[in-house]
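Protein chains in written order, with the working numbering: chain A, -16 to 297; chain B, 411 to 775. Read through the structure below, which is laid out as structure tokens, and then see the notes.
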Amino acid sequence: MANVSILNATGAAIDAVRTEVAAGPRGKRPKKVLSGRNIMVYGTLGLAALYYLLPLYVMVVTSLKGMPEVRLGNIFSPPMEITFEPWVKAWAQACTGLNCDGLSRGFWNSVRILVPSVIVSIAVASVSGYALANWRFKGSELFFSVLIIGAFIPYQVMIYPLVIILREIGIYGSLTGLVIVHTIFGMPILTLLFRNYFAGLPEELFKAARIDGAGFWQIYGRIMLPMSLPIFVVAIIIQVTGIWNDFLFGVVFTRPDTYPMTVQLNNIVNSVQGVKEYNVNMAATLLTGAVPLIVYFVSGRLFVRGIAAGAVKG
Amino acid sequence: MTDLSNSVSIRDLSLSFGAVTVLQNLDLDIKDGEFLVLLGSSGCGKSTLLNCIAGLLEPTDGQIFIKDKNVTWEEPKDRGIGMVFQSYALYPQMTVEKNLSFGLRVAGMPKEEIAKRIARASNILQIEPLLQRKPAALSGGQRQRVAIGRALVRDVDVFLFDEPLSNLDAKLRSELRVEIKRLHQSLKNTMIYVTHDQIEALTLADRIAIMKSGVIQQLDDPITIYNRPKNKFVAGFIGSPSMNFLTGELADEGGRTVFRTNGTSFSLAGYEATETLPPGRKVVLGVRPEHIKVDGDLAGEEAHDAIVDIEEPMGADNLIWLKLAGHTISVRIGGARRYAVGAKVRLGFDMTMASLFDAETEDRI
Ligand SMILES: Nc1ncnc2c1ncn2[C@@H]1O[C@H](COP(=O)(O)OP(=O)(O)O)[C@@H](O)[C@H]1O
Ligand SMILES: [Mg+2]
Chain A
-16 MANVSILNAT GAAIDAVRTE VAAGPRGKRP KKVLSGRNIM VYGTLGLAAL YYLLPLYVMV
44 VTSLKGMPEV RLGNIFSPPM EITFEPWVKA WAQACTGLNC DGLSRGFWNS VRILVPSVIV
104 SIAVASVSGY ALANWRFKGS ELFFSVLIIG AFIPYQVMIY PLVIILREIG IYGSLTGLVI
164 VHTIFGMPIL TLLFRNYFAG LPEELFKAAR IDGAGFWQIY GRIMLPMSLP IFVVAIIIQV
224 TGIWNDFLFG VVFTRPDTYP MTVQLNNIVN SVQGVKEYNV NMAATLLTGA VPLIVYFVSG
284 RLFVRGIAAG AVKG
Chain B
411 MTDLSNSVSI RDLSLSFGAV TVLQNLDLDI KDGEFLVLLG SSGCGKSTLL NCIAGLLEPT
471 DGQIFIKDKN VTWEEPKDRG IGMVFQSYAL YPQMTVEKNL SFGLRVAGMP KEEIAKRIAR
531 ASNILQIEPL LQRKPAALSG GQRQRVAIGR ALVRDVDVFL FDEPLSNLDA KLRSELRVEI
591 KRLHQSLKNT MIYVTHDQIE ALTLADRIAI MKSGVIQQLD DPITIYNRPK NKFVAGFIGS
651 PSMNFLTGEL ADEGGRTVFR TNGTSFSLAG YEATETLPPG RKVVLGVRPE HIKVDGDLAG
711 EEAHDAIVDI EEPMGADNLI WLKLAGHTIS VRIGGARRYA VGAKVRLGFD MTMASLFDAE
771 TEDRI
């Protein structure tokens, strides 16, 4: 017993010493939740979010209302009766010009434009970026300068000459022509992106591979590619959103039956015949915007990682 | 054209990056089975020279022979070389085994032969348990071992090392240093080893080539480099703590040649001059800290008075800084011998181990 009490006493004494030590600031400094700084930061963020989310909200609710409800004019009120009619109509029945098969035609056109454009442009740009970064060939500096300049030329300037060139080759108006156009216009920025990424990889890896006897394509395919997932994701996102959202090239380089989704959307929304079906327009717009949106959601984290890996620094 | 016993010969090699000339008219012969160390401070062109030998850089002019074959225009893989880099340069997405076999697979070697070679290399380097790991799961020392293995499996004539130990901590560095030496003794390949670390150079090399601004200053075995440096640069570069340099001039005192600085004369008896030593010639006397005798070590030779300025005990040794004839010189003595600051000591130079340089050309005389 005595022992225990002595132990307790010593314990208490040690505790006392401990509390003495603990007096005064120690460890992490407590942060006030409602500090002026926090209110500023979260307030600004909240406002910005609201600014972007409100139109989206309006679109979503409107697209779920029937026309009688839309005509009431209360754009912020949630739908009293949810209907998917406008979505179905936008997808399958809305009229654009001669056809009345909705956006679905444009969607598939866009897919047929998007897939080869993204693949070809990224394939070409990644190889040229790799060549520029690792294989200094005669005139590579010049080639690079031209590419950089290319990135700054407003592309409207080049549309007319391109139309003529494509017409002369005989692919004007075809999807092939548009794929080529997208590949060409994607080149400067994508090549720059890939060149900088490959130039940032350790040069000694490339040297080691050369000593191991790997050639141009083997180094590209077996060493560089497997290390480049982040930058490929960045490039895919840039290209998918860019090409999907493209309107100008779509109008200029395709015919009505091969119009991409954006052009078709415009034709639906701006059609002058009949009453304006706002709910259908909203649904059509949301449908058109869905692809880039999904791409962002799916690859957002990889995208950020690619950016963080210094992929897009000058 | 080239000596038959030479493994690597470099003839009149020049390399410029645009206006910057890194190597100029460099000649170098490396014997079969030799361990040659290229030693020089950072940026003097060591890696550039090594990359030229490897075929990773195109020389502006000159020729490179490996095994008496002119390989100046050959691809790196056809030169019979393997290279180990400072940053290991392991392919991050491949396992150790795939890293080792990459070159062999590229060359289209049969699977059994690849397996045999990997087994041999991983046995020599003790990396068998690591074969299925990715480089990211290895420590620095293990990574460098794998990098050496990558050169080993290719069964090359010449190994090129570009500062292979510089990324490792001190303890690992000395361990791997010994291993590389052991590897050389068992393989007997020609090895060219680039470093800026003089300890690595002195411990590993059969011969050291000391470079400065792309020019080889001296090419000799480590002992000669250490004791008979060809010029003041080499003398100052090799040795830590560094050699003491005293500027002065030669003089004639009663028929014997002496070195005189700030009114104090030092007899040059015992110094093996390579040139005549005319009185009045401006020279620099170089003496290493361990070639200076103090107090009890003196055995009746010429001695001078000096004052202890500072003492730096280093465990095994004790470095004392002395004021002598207007110069501050360092002397290395046993770790047990201590001196108080301000104490008076008698010291004498071991002239047989000293070096005399012309003050102007800085070459050994
Ligand atoms: N690609 C290059 N372009 C221009 N200068 C270079 C290049 N590579 C190396 N140099 C220059 O050549 C000199 C020697 O470099 P290097 O051989 O890497 O030196 P080190 O002896 O440290 O290995 C340095 O001054 C460096 O700045
Ligand atoms: Mg170097």
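We treat Cβ as the ideally placed atom computed from N, Cα and C, and that holds for glycine. Note that this is a predicted model, so its numbers are computed, not measured.
Chain B contact residues for residue i, given Cβ-Cβ distances below 8 Å
i                : result
Gln201 (chain A) : Val516
Ala114 (chain A) : In chain order: nothing, as chain B lies at least about 17 Å away.
Neighbourhood of residue i by C-beta distance below 7 Å, restricted to the same chain and skipping five residues each side
i                : result
Ala529 (chain B) : none
Thr166 (chain A) : Ser100, Val103, Ser104, Val107
Ala499 (chain B) : Ala557
Ile590 (chain B) : Leu614
Lys622 (chain B) : Gly450, Cys454, Phe643
Phe427 (chain B) : none
Val278 (chain A) : Ile220, Val223, Thr224
Neighbour flag for residue i against chain B, beta carbons, 8 Å
i                : result
Gly297 (chain A) : Because the pLDDT at Gly297 (chain A) is just 32, under 50, the model does not fix this residue reliably, and the value given afterwards should be weighed accordingly. Judged by the 8 Å Cβ criterion, Gly297 (chain A) is not in contact with chain B.
Pro185 (chain A) : yes
Ile219 (chain A) : no
Ile206 (chain A) : yes
Reference residue i; option with closest CA among the options
i                : options                                : result
Pro689 (chain B) : B:His714, B:Gly658, B:Ala750, B:Ile491 : B:Gly658
Tyr681 (chain B) : B:Lys598, B:Arg774, B:Lys754, B:Gly706 : B:Arg774
Ile147 (chain A) : A:Asn57, A:Gly283, A:Gln256, A:Val235  : A:Val235
Met653 (chain B) : B:Leu766, B:Phe569, B:Ser584           : B:Leu766
Leu81 (chain A)  : A:Val110, A:Gln247, A:Ser128, A:Ser282 : A:Gln247
Gly492 (chain B) : A:Ala273, A:Val274, A:Asp240, A:Ala192 : A:Ala192
Ala753 (chain B) : B:Thr671, B:Leu732, B:Ala769, B:Gly736 : B:Leu732
Ile154 (chain A) : A:Phe59, A:Thr237, A:Lys48             : A:Thr237
Asp768 (chain B) : B:Glu721, B:Leu687, B:Met724           : B:Leu687
Pro51 (chain A)  : A:Pro185, A:Tyr35, A:Glu68             : A:Glu68
Val755 (chain B) : B:Leu708, B:Ala746, B:Glu722           : B:Leu708
Phe445 (chain B) : B:Met761, B:Asp567, B:Leu436, B:Ala517 : B:Asp567
Val604 (chain B) : B:Val625, B:Ile720, B:Ser576, B:Ala580 : B:Ser576
7 Å Cβ cut-off: residues of chain B touching residue i
i                : result
Met210 (chain A) : Pro502, Gln503
Asp229 (chain A) : The premise fails here: Asp229 (chain A) is roughly 34 Å from chain B at the closest Cβ pair, so nothing lies under 7 Å.
Test: residue i CB closer than 8 Å to a CB of chain A
i                : result
Ser497 (chain B) : yes
Gly443 (chain B) : no
Gly513 (chain B) : yes
Paired residues, beta bridge with residue i - DSSP
i                : result
Gln247 (chain A) : Looking at the DSSP assignment, Gln247 (chain A) forms no beta bridge with any residue, so it has no partner.
Ser675 (chain B) : B:Arg670
Met601 (chain B) : B:Phe445, B:Phe569
Lys733 (chain B) : B:Ile717, B:Thr738
Ala661 (chain B) : B:Val668
Phe767 (chain B) : B:Val694, B:Arg774
Phe759 (chain B) : B:Ile702
Ser652 (chain B) : DSSP, once it has assigned bridges, lists no residue as partnering Ser652 (chain B).
Thr358 (chain B) : This structure leaves residue 358 (chain B) out entirely; chain B is present only between 411 and 775.
Partners in chain A for residue i, counting only beta-carbon separations shorter than 9 Å
i                : result
Ala464 (chain B) : Lys190, Arg193, Ile194
Proximal residues to residue i (C-beta, below 8 Å), its chain only, five neighbours per side dropped
i                : result
Leu514 (chain B) : Glu523, Ile524, Arg527, Val563, Arg564
Val668 (chain B) : Leu660, Ala661, Asp662, Ser675, Phe676, Ser677, Leu678
Gly736 (chain B) : Thr671, Asn672
Ser415 (chain B) : Lys441, Asp442
Neighbourhood of residue i by C-beta, 6 Å cutoff - its chain only, sequence neighbours within 5 removed
i                : result
Pro387 (chain B) : Not covered by the structure: residue 387 (chain B). The range shown for chain B is 411 to 775.
Ala267 (chain A) : Ala73, Leu86, Leu248, Ile251
Leu130 (chain A) : Pro171, Thr174
Met265 (chain A) : Met42, Thr45, Ser46
Leu460 (chain B) : Leu570, Asp572, Val604
Listed by chain order, chain A residues near residue i by CB distance under 7 Å
i                : result
Gly455 (chain B) : Correct list: empty, because the minimum Cβ distance to chain A is about 17 Å.
Chain A contact residues for residue i, given Cβ-Cβ distances below 8 Å
i                : result
Met493 (chain B) : Lys190, Ala191, Ile194
Per-residue contacts from residue i into chain B (C-beta, under 9 Å)
i                : result
Phe182 (chain A) : A quick correction: the sequence has Ala, not Phe, at residue 182 (chain A). Ordered by position in chain B, no residue passes the 9 Å Cβ test against Ala182 (chain A), which lies about 16 Å from the chain.
Ala197 (chain A) : Lys487, Phe512, Gly513, Val516
Short CB-CB distance (under 8 Å) between residue i and chain D
i               : result
Met23 (chain A) : Absent from the structure: chain D. Protein chains present are A and B.
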